[in-house]
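Data first, discussion second: the structure below is written as C-alpha cells.
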Amino acid sequence: MIRDVEVLVIGGGPAGLCAAKAAADSGAHVLLLERDDTPGGQLVKQTHKFFGSERQFAGTRGFQIGEMLVDEINAHENIELMTDATVLGMYEDGIVTVLKDEKHLKLRPVKTIIATGAAEKFLTFPNNDLPGIYGAGAVQTLMNVGGVKPADKVVMVGAGNIGLIVSYQMLQAGVEVECVVEALPNIGGFLVHASKLRRAGVPILTRWTVKEAYGNGKLEGVILCQLDDKWQQIPGTEKDVPCDTLCLAVGLTPLAELAWQAGARCEYIRELSGHVPICDENLMTTVEGLYCAGDVSGIEEASSAMVEGRLAGYAVAVALGYDVENAQKEVDAAKAELVELRSGPMGGKIRAGIAKVEQKRGEA
Amino acid sequence: MRIEKHPILQFDRGEKVTFLFNGQEMEGYTHETIAAALHAAGVRELGHSQNLDRPRGLFCAIGNCSSCFMTVDGEPNVRVCVTKLKQGMVVEEQHGKGVVKG
Amino acid sequence: MLINDGIPTAEDLAKVLPSEERLNKGPIAITECFQEIACNPCVAACPHHAISMEPDINATPKVDPDKCIGCRVCVAKCPGLAIFVVDMTQSEGTAAVTFPFEYIPVPEKGQLACGLNRAGEEMGWFPVLRAVSGGKKNLTYMITLEVPKELAMEVRNIKAGGYRDGK
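Protein chains in written order, with the numbering used here: chain A, -17 to 346; chain B, 10 to 111; chain C, 187 to 353.
Printed below as a string of C-alpha cells:
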C-alpha cells in the first residue's frame, strides 16, 4: 500500500524540525521522519549556548533549543512525527521507501525536504582504527547523551568549532584534555571558544598533526609532529603523548545520498565540504518539489541550518498555495537572515560555496 | 565510568538492567545504548574488521559508520551505538561478516 | 597570537580595555571579543543599553564607558564566555574580577580559589567574593575573585576544584 503524504521532511535535526514547523504553521500536513528514537538530531548533545541573533535562539544552549523545537513539533496538529524510521530509497517515480519497526513503508509525497545533515570525516595515519580513536561527535554523544565519561586523557585533532567545543565539554565532564592539534596555521573555529579552552590551560598547537597512533588492542598513545608550510611532517619534531582517547574533529561531509538517488544534480564543491545538491534560492534541487535544508547542502553552523529549514518549509508552503502572502514574507525574511549570518569574515567560505552553486546552476 | 554530576546536564538513565557481554553479566540502563553501557564498564573494543579482524571501537556513535557491529540476541551486524539496552540482552563480539541464522 | 594559540595579545586587549580614569571610577564590563562573528545576545542583555554593535550582528561589541555600571548581567549571557567585569575600586590594593564559570564544583563565597590567566597559568590563591548562578536555564555561574590590582587584567578564570577555606 502506498501512503500519500503532502510534505515529507526527512531528518529531525535543526533544519528538519524548523522545516516541518514552517510548512505546518502555514497549513500544510507534514510527515517528519527521524531515524533515531528521539528527534533533535545533533542539537541534543550541544551543551553550549548558540551564537547568532534572537531569531536563531542565540544565547540558549543547543539541547534546550532542541527540546523547545521538539515540544512545538509534538504539539502541532499538522505534524506527524515518526521516529525509528529510516528512509531507504527515493525512486524516479517519486516513491520514497522507509524502514519502520522492521516494516517496509512506501510513501508518495507531493513535496519533500531532505534534511539529513552530515557525517564526520576521517583522517589517515597508521593505526587510525584503534578502539579509542573517535569522531568528536561520538564522544559528545557518549558524554552528553549517554552520560558516560568518554576518556581519562584525550588529544583532540582539529581546532574548528567542533574540536574546540567538544574539548571544552570534555573538561566539563572531568576529562583531562592534553592538547588540541591543528594542521592549519590558524585556529578555524571561533576565537572565543579557543580562548575559554586556553584559559583552562589547554594548549592549542597549530601546524601540528598526528603522525601515528599506537596501542595493543586499544589506543595507548599518539605520536604528534609539526608540519612545515608545505604540509610535510618535520622530522625530529615528534612528541610521544600517552592518552586513552584521540578525538577527530576534522570536518563534516554532507549526507546527500538521498538527493543523488532521487536524481537531483549534485556537484563537488570544496567550500561546502563535499558533493552537494545544486539548489535554487528557495533551496529546491533540480528535481521539481524536492528541497534540501541544513548541512546536506553544505556544511555550516546549526543556526544557519535552522534558518534554511524555515526557508525550505515556507517555500514549500508557497508552492502548495498555503497562506501564501505570509509564507512568502517568511521566505524573504529567512533569506535576509542567511545573508546576515553569512556576511562576516567567518562566512567567506560558505559565500564562496554558494557562489559556485549559483555558477553551476547557470551552466545547466 | 558514568558521569554522576555535570555542570549543565542531568541524565535520566531509565531502569537498571542486566545483560550478557561475551557470557559475562553486566549492568546498564534502559535509556543507554549498548555501546554506552559497554563503554561505562570499560569495554571499548566493539566490532572487528572483516578481513584482518582488527579490533574496532566507536567512530560516529550515531549509526553512520558500521564500526561498532556486534551480534545481539543472535542477530549479527547490529549497530550497538544506536541500539538501546534491554533486560537480558545477549551481546557478543562478532568476527567476520556475521551469519543470519534461521 | 590569538589566531593561532587562543591567547589575546596586549595589542588585542588595548582595543577593549577602558581608560584608567574610567577603571578608577568603578566596575565596568570588558568584552574580550575580537573576532567578527554573527552574534549579538550581549546587546539585548544589557539593561543599561551600554553595549552596541555597528553596523550589524557581525561587528564586535562596544561598551559605552559612561553607560556601563558593571552590573555583570552580560557576563552569563555571552555565548562565547568572553565578557568580564573588573572593579578597580574593590579596596586600596585589590580589584574584583568577575568571569563566567561552567565547571563543577562551584566555589563558595569566602573560599580561596586558584586564579588562572588567559593562558591557564596559575596566578596564586585569591578569595571568592561571589559565586552567583545565571539561573536555572542559563546555568552559567558568575564568579567574582578579589585579586591584587596589578593582576586585575591578568586573572580570567579559576582552576575547578581544590578550593581552600580561610584566608
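Glycine residues also receive a C-beta, built at the ideal position from the N, C-alpha and C atoms.
Predicted model, so just to flag it, every value in this text is computed and none were measured.
Sequence-distant residues of the same chain with beta carbon closer than 6 Å to residue i, five excluded per side
{"i": "Met125 of chain A", "result": "Pro132, Ala155"}
{"i": "Arg(-15) of chain A", "result": "Leu89"}
{"i": "Thr94 of chain A", "result": "Leu(-10), Leu272"}
{"i": "Ala70 of chain B", "result": "Cys90"}
{"i": "Asp66 of chain A", "result": "Asp19"}
{"i": "Val99 of chain B", "result": "Leu29, Asp82"}
{"i": "Gln122 of chain A", "result": "Lys27, Val148"}
{"i": "Gly48 of chain A", "result": "Gly22, Leu25, Val26"}
{"i": "Glu62 of chain A", "result": "Leu13"}
{"i": "Leu173 of chain A", "result": "none"}
{"i": "Ala5 of chain A", "result": "Val(-11), Val12, Gly295, Val298, Ala299"}
{"i": "Val92 of chain A", "result": "Glu(-12)"}
{"i": "Thr219 of chain A", "result": "Cys207, Gln208"}
Within chain C, the residues that residue i reaches when beta carbons sit closer than 8 Å
{"i": "Ile17 of chain B", "result": "Glu288, Leu325"}
{"i": "Lys3 of chain A", "result": "Residues of chain C passing the Cβ test: none, with the nearest at roughly 21 Å."}
DSSP bridge partner residues for residue i (one or two, in chain order)
{"i": "Val78 of chain A", "result": "A:Met72, A:Leu89"}
{"i": "Asn343 of chain C", "result": "C:Leu302"}
{"i": "Val298 of chain A", "result": "Bridge partners of Val298 of chain A: none, in fact."}
{"i": "Gly34 of chain A", "result": "C:Cys225"}
{"i": "Asp273 of chain C", "result": "C:Ala282"}
{"i": "His257 of chain A", "result": "A:Tyr250"}
{"i": "Ile193 of chain C", "result": "Ile193 of chain C is not bridged to any residue."}
{"i": "Gly310 of chain C", "result": "C:Gly301"}
{"i": "Cys207 of chain A", "result": "A:Thr191"}
Residue i versus the options, residue with shortest Cα-Cα distance
{"i": "Gly99 of chain A", "options": "A:Gly(-6), A:Val321, A:Asn110", "result": "A:Gly(-6)"}
{"i": "His175 of chain A", "options": "A:Ala165, A:Ser35, A:Gln151", "result": "A:Gln151"}
{"i": "Met187 of chain C", "options": "A:Leu187, A:Arg17, A:Pro21", "result": "A:Leu187"}
{"i": "Glu207 of chain C", "options": "C:Ala224, C:Met274, C:Gly192", "result": "C:Met274"}
{"i": "Ala165 of chain A", "options": "A:Ile216, A:Ala287, A:Gln38", "result": "A:Ile216"}
{"i": "Arg316 of chain C", "options": "C:Leu302, C:Leu325, C:Val292, C:Asn303", "result": "C:Val292"}
{"i": "Cys232 of chain C", "options": "C:Val202, C:Ile214, C:Ala224, C:Gly301", "result": "C:Ile214"}
{"i": "Glu54 of chain B", "options": "B:Pro64, B:Asn31, B:Ser76", "result": "B:Pro64"}
{"i": "Thr195 of chain C", "options": "C:Pro286, C:Ser319, C:Ala282, C:Glu218", "result": "C:Glu218"}
{"i": "Arg247 of chain A", "options": "A:Ala1, A:Cys274, A:Cys229", "result": "A:Cys274"}
{"i": "Ile12 of chain B", "options": "A:Glu345, A:His30, A:Val130", "result": "A:Val130"}
{"i": "Leu13 of chain A", "options": "A:Asn60, A:Phe45, A:Arg37", "result": "A:Asn60"}
{"i": "Glu288 of chain C", "options": "C:Ser319, C:Cys260, C:Cys300", "result": "C:Ser319"}
{"i": "Asn190 of chain C", "options": "A:Gln38, A:Arg180, A:Ala334", "result": "A:Arg180"}
{"i": "Leu293 of chain A", "options": "A:Gly183, A:Gln208, A:Cys0", "result": "A:Cys0"}
{"i": "Ile216 of chain C", "options": "C:Pro265, C:Ile223, C:Val283", "result": "C:Val283"}
{"i": "Gln276 of chain C", "options": "C:Lys335, C:Asp198, C:Ile344, C:Glu197", "result": "C:Lys335"}
{"i": "Phe285 of chain C", "options": "C:Arg350, C:Ile329, C:Gln221", "result": "C:Ile329"}
{"i": "Glu319 of chain A", "options": "A:Asp83, A:Glu290, A:Lys178", "result": "A:Glu290"}
{"i": "Arg333 of chain A", "options": "A:Ala315, A:Ala(-3), A:Glu253", "result": "A:Glu253"}
Residue i: contacting residues in chain C (beta-carbon distance under 7 Å)
{"i": "Lys106 of chain B", "result": "Those within 7 Å of Lys106 of chain B in chain C number zero; the least Cβ separation is about 45 Å."}
{"i": "Lys31 of chain A", "result": "Pro265"}
Chain A contact residues for residue i, given Cβ-Cβ distances below 8 Å
{"i": "Arg11 of chain B", "result": "Gly129, Val130, Lys131"}
{"i": "Lys263 of chain C", "result": "Gly41"}
{"i": "Leu302 of chain C", "result": "Arg181, Ala182, Gly183"}
Same chain only: Cβ atoms within 7 Å of residue i, ignoring 5 sequence neighbours per side
{"i": "Glu160 of chain A", "result": "Lys135, Val136, Val137, Val223, Cys225"}
{"i": "Leu234 of chain A", "result": "Ala100, Ala101, Glu102, Lys103, Ser255, Asp277, Ile281"}
{"i": "Pro167 of chain A", "result": "Thr188, Arg189"}
{"i": "Lys106 of chain B", "result": "Gln59"}
{"i": "Ala40 of chain A", "result": "Phe32, Phe33, Gly34"}
Per-residue contacts from residue i into chain C (C-beta, under 9 Å)
{"i": "Val184 of chain A", "result": "Gly192, Gly306"}
{"i": "Lys178 of chain A", "result": "Gly192, Gly266, Leu267, Ala268, Pro286, Glu288, Asn343"}
{"i": "Met328 of chain A", "result": "Gln221, Glu222, Ile223, Ala224, Asn244"}
{"i": "Lys25 of chain B", "result": "Near Lys25 of chain B there are no residues of chain C at all, since even the closest Cβ is about 24 Å away, more than 9 Å."}
Heavy atom of the ligand FAD within 8 Å of residue i beta-carbon
{"i": "Gln24 of chain A", "result": "Absent from the structure shown: the ligand FAD. Ligands present: none."}
Under 7 Å by beta carbon: chain A residues contacting residue i
{"i": "Phe220 of chain C", "result": "Leu173"}
{"i": "Arg63 of chain B", "result": "Asp111"}
{"i": "Ser75 of chain B", "result": "Chain A residues near Ser75 of chain B: none, gap ~12 Å exceeds 7 Å."}
{"i": "Thr42 of chain B", "result": "Gly128"}
{"i": "Pro227 of chain C", "result": "Ala40, Gly41"}
Partner residues on chain A for residue i, Cβ-Cβ distance less than 9 Å
{"i": "Ile189 of chain C", "result": "Pro167, Asn168, Ile169, Leu173, Ala176, Thr188"}
{"i": "Ala215 of chain C", "result": "By Cβ distance, chain A contributes nothing, its closest Cβ being about 15 Å from Ala215 of chain C, past 9 Å."}
{"i": "Val91 of chain B", "result": "Arg17, Asp18, Asp19"}
Residues of its chain near residue i, where Cβ-Cβ distance is below 8 Å and the 5 sequence neighbours each way are ignored
{"i": "Gly321 of chain C", "result": "Ala262"}
{"i": "Pro113 of chain A", "result": "Gly199, Lys200, Leu201"}
Neighbouring residues, chain B, relative to residue i (Cβ below 8 Å)
{"i": "Leu124 of chain A", "result": "Ala44, Ala45, His48, Leu67, Ala70"}
Members of the region 240 to 253 of chain C that neighbour chain A once the beta carbon cut-off is set at 7 Å: For the region 240 to 253 of chain C, which is checked against every Cβ of chain A, the residues closer than 7 Å are Asp242, Ile243, Asn244.
Between the region 222 to 233 of chain A and chain B, which residues of the former have a C-beta closer than 8 Å to a C-beta of the latter? none
Relative to chain B, which residues along the region 137 to 162 of chain A have a C-beta separation below 8 Å, given in chain order? Gln154, Ala155, Gly156
Between the region 96 to 108 of chain A and chain B, which residues of the former have a C-beta closer than 8 Å to a C-beta of the latter? Ala101, Glu102, Phe104
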